[in-house]
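Accompanying notes for the structure given below.
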Amino acid sequence: MEKDSPHVLVINPWIYAFAAYDFWAKPIGLLAIASILRLHGYQVSYIDCLDRYHPDVSHPEKAGRFGKGHYLKTQIPKPEKLYDVPRNYSRYGIPESLVRKTINNSPKPKVVLVTSLMTYWYPGIVAVIELVREMLPEVPVVLGGIYASLCYDHAVQHTGADMVLSGQCEAGLLELLENLTEYTCTCRFSADELDTYPYPAFDLQSAIPYVPILTGHGCPFRCAYCASWFLSPELRRRSPQHVVEEIAYWHEKYSVLDFAFYDDALLIDADRHIIPILEGVLTQGLEVRFHTPNALHIRPLSREVARLMFRSGFKTIRLGLELQQRAHSTSRSGGTAGLASESKNGKLSYSRRFPAASCRELQTAFFDGRKAMDNKVGPGEFEQAVDYLRKAGFKNEAIGTYLLCGLPGHDLAELEASIKMVKACGARPILAQYSPIPHTALWSAAVSASRYDLDSDPIFHNNSIFPCQKEPFSWEQISYLKKLTRE
Ligand code: SF4
């Protein structure tokens, strides 16, 4: 690196929310960009406002199981528009004084890059950009990431960034920085070939308690509630060998034990992807633990894949099973085309049927009205996948199954039967609260169903407030359902 090469400061902002927890979450895109910049001679420094391991913070809960854990948090006033929500609102992350101290102690940057994730966390971005503006008034601030892509106009108008980037921006980044810094370099990677990317710069963190791994981007499905197609229009993948080399690198050089796959489509085309990856891990004798906080597809979860997952060290498995969609209510609110024809236009009394029904019968009943929402799993396939996992050696506790709840028009009371069905199949139900996402097929139905003006402000996308329930809902009911998942 040249001594006088430009300095770029990259920042992972605070989260402002009702709830947040570190489920192996790192700004992998931002750290990939940091790594690309280093590869091209830039000096890079990193401020992680969510750093659980900051040396100046004594945080008794920072070390959770397998590297997960609570963020430090500071209660702050609720946004005015959410004044009626009966929950505390917090800024998650390190104190502002530490962010200031780090900026003061770092060389002055030529550019500041800020990332973004959930749309409704944007007040944390506004706060961090305000602080940068105050301390480094003449330095350009560039904002990218998921919120910036999904709510581009909002981000341009409300964050104070000089430039907002939408979508995957690695390809044009060097050119952009050349314009901003007048530093020229020869491109040393190909944006189309993921194997040419350097590993994300996790070594810039205070500690590396775990490493999130992306073996590719995108997903071949197009579920009505998901924006994967918008954020990553094509399924692109690294070679299995490149993935295994990265796992070995972090394990051997930094003693990392826990790895969380964050792919949207990890198991798709298993013969050419996850199977050779896991065989590579076994062949190299890497004694590591794997977690899949993003839901796995159920259909490709074969007996062979389940066995390999167990042998190679998977500890936390999450399956995606969105059984709750009530097509009639979505079509009623003017939503996704085609849902009405799939609907039985009435409610089945799942709870009453449950005691006499098998897991398979219950699945068939549930699947009857959901094909228009997604088609990635059919009746019988969930039970089969869970059976393969259990026979491979996994206990019920390890096989978490997300049940999406709070969809437009969704009756929360129906969740009880879904929870029982998942348990009957030998897995652990986990409620996943729906957050409405712009650019998805379900967005217009979500806007119609919500008691808030979702279009006006991403603050209303917050899944903690069940924004697509028409009436304020009962916290007692949610607590009861959550308790049911744990019994
Ligand atoms: S399968 Fe998962 S990642 Fe793919 S579109 Fe559906 S919800 Fe999104």
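Each residue of the sequence shown is one higher than the one before, counting from 1383 in this note's numbering. Idealized CB from N, CA, C, for every residue including glycine.
_Going by the DSSP bridge assignment, what does V1493 pair with across the sheet?_
V1493 is bridged to V1390.
*Assuming T1541 and Y1504 make a contact with CB atoms under 8 Å, what is their CB distance in whole Å?*
7 Å
*Using the C-alpha atoms, what's the distance from E1520 back to H1673?*
Between the alpha carbons of H1673 and E1520 lies a distance of about 43 Å.
*On the three-state DSSP scale, how would you describe L1454?*
Note: L1454 maps to coil in three-state DSSP.
*Thinking just about the alpha-carbon of each residue, which of P1790, L1648, A1606 is nearest to the one in L1617?*
Of the listed residues, the one whose Cα sits closest to L1617 is L1648.
_Boundaries of the alpha helix (DSSP H) in which A1799 is found, first to last residue_ = 1797 to 1806
*N-terminal and C-terminal residue of the alpha helix (DSSP H) that R1689 is part of*: 1685 to 1694
*asked:* Looking at the ligand SF4, does it come within less than 6 Å of S1614, judged from the CB to the closest heavy atom?
replied: S1614 Cβ: outside cutoff for every heavy atom of the ligand SF4.
*With DSSP as the reference, label I1555 as helix, strand or coil.*
Looking at the sequence shown, residue 1555 is not Ile but Leu. Collapsing the DSSP output to three states places L1555 in a helix.
*Backbone CA spacing between R1473 and I1528 [nearest angstrom]*: 19 Å
_Delimiting residues of the alpha helix (DSSP H) encompassing Y1631_ = Note, Y1631: alpha helix (DSSP H), 1622 to 1636.
*If you draw a straight line from the alpha carbon of V1804 to that of R1810, how long is it in whole angstroms?*
7 Å
*asked:* Bridge partners for M1545 per DSSP, in chain order?
replied: V1524
*Taking A1543 and V1524 to be in contact with their CB atoms under 8 Å, please state how far apart those CB atoms are, rounded to whole angstroms.*
7 Å
*Near D1535, what residues of its chain come up, given a Cβ to Cβ distance below 7 Å and the 5 sequence neighbours on each side ignored?*
Contacts found: none.
*Sequence-distant residues of its chain with Cβ nearer than 6 Å to M1691 (five each side left out)*: Within the same chain, M1691 has no close Cβ partners at all.
*Check whether the stretch 1669 to 1683 touches the stretch 1625 to 1644, counting contact only when three or more Cβ pairs, one atom from each stretch, lie closer than 8 Å.*
yes
*Exposed or buried, which one is H1422 when buried takes at least 16 other CB atoms within 10 Å?*
Within 10 angstroms of the beta-carbon of H1422 lie 16 or more other beta-carbons, which makes it buried.
_Cα-Cα separation, H1821 to N1845_ = 17 Å
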